[in-house]
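Residues 83 to 209 in my numbering are what the sequence shown lists, from first letter to last.
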Amino acid sequence: MTKNEGAVPGGIDYVEATGELRRTLAERLRGRPLPPDLVVTTRSEIERREFRAYGQGWRDRSEYEARRAEGTDPAARTADGAKVLPFPQTSAQSAPVPQPPASRSPGPHAHPSGPPTARPHPSDDLS
83 MTKNEGAVPG GIDYVEATGE LRRTLAERLR GRPLPPDLVV TTRSEIERRE FRAYGQGWRD
143 RSEYEARRAE GTDPAARTAD GAKVLPFPQT SAQSAPVPQP PASRSPGPHA HPSGPPTARP
203 HPSDDLS
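And the structure:
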């Protein structure tokens, strides 16, 4: 820890500097029309709020997972309280594998001597 904890560079106390800044800003804006959504805050306040919202999001998620594990999730029930069952999923292993047809018809433009064969290449002769 440093000896100047809570102080901004220059040795001014953080709370004192923030108060002075707000007084100066209020004095300069006095009598001027301000937009209703104007907010003046510090970066540390914004970070504190973001951290609190982030933590609350994790708490909400853990509560949701706990309710889901217990089967008491209100989203898993209809308006009259009936439980909604998930649609059964088939696994990839139980799905039938398509088999090629046993005999293929030659088609309308079949070659009379059968399908073409590859000609031998000179490099095929290794003897």
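Ideal Cβ positions, reconstructed from N, Cα and C, are used throughout, including at glycine.
(1) If contacts are defined as beta-carbon pairs under 8 Å, then residue 122 and residue 104 qualify, I think. What distance do you get, rounded to the angstrom?
(2) Using only the alpha-carbon positions, how far apart do residue 95 and residue 130 sit?
(3) Leaving out five residues on either side along the sequence, give the residues of the same chain with a beta carbon under 6 Å from the beta carbon of residue 206.
The structure says:
(1) 7 Å
(2) 19 Å
(3) none
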